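According to UniProt numbering, the sequence shown holds residues 1 to 115 in order.
Glycine included, every Cβ here is placed at the ideal spot set by N, Cα and C.
Predicted, not measured: the structure shown is a model, and the values here were computed from it.
Down below is the structure, laid out as structure tokens.
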Amino acid sequence: MAERDAMLAERDALRGELRVTKVERDLLKEQLKAFERRLFGAKSEARSDAQRDLFLNEAEALAPTTATLPAQEDDTDSTSVAGHKRGKPGRKPLDPALPRKVIRYELTEEERVCQ
């Protein structure tokens, strides 16, 4: 009888450990999913269409109408800005003052075979 009680107590202890292990495993799985979402998830601030419409409607409601806009004066106060000039792509040429050495390799007829 004592042996049976000892085995039942051991079984209950093992079941308790199993429950704790399962809870820890589930917690770690959730943490892993959260890390994966943060690492591999969408990086932009993309919103759903409904949410985007909400912000657009709010912006339109807050935008000043033509009646509330100040009268535009003539463009005499505007300044012109020079355009952006894009650089040439590729590597800059070497300095022509650098010494140059021409090395020619002559191949025999046997070595001039393409495979």
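(request) Measure the C-alpha to C-alpha separation of leucine 18 and glycine 41 and round it to an integer number of angstroms. (result) 33 Å
(request) Could you have a look at arginine 15 and say whether DSSP puts it in helix, strand or coil? (result) helix
(message) Rounding to the nearest angstrom, what Cα-Cα distance links threonine 79 and serine 44 in this structure?
(response) 36 Å
(message) Helix, strand or coil for methionine 7? Go by DSSP, reduced to three states.
(response) helix
(request) Determine the DSSP secondary structure at leucine 28, reduced to helix, strand or coil. (result) helix
(request) Determine the direct distance from the alpha carbon of glutamate 10 to that of leucine 32, and round the result to whole angstroms. (result) 32 Å
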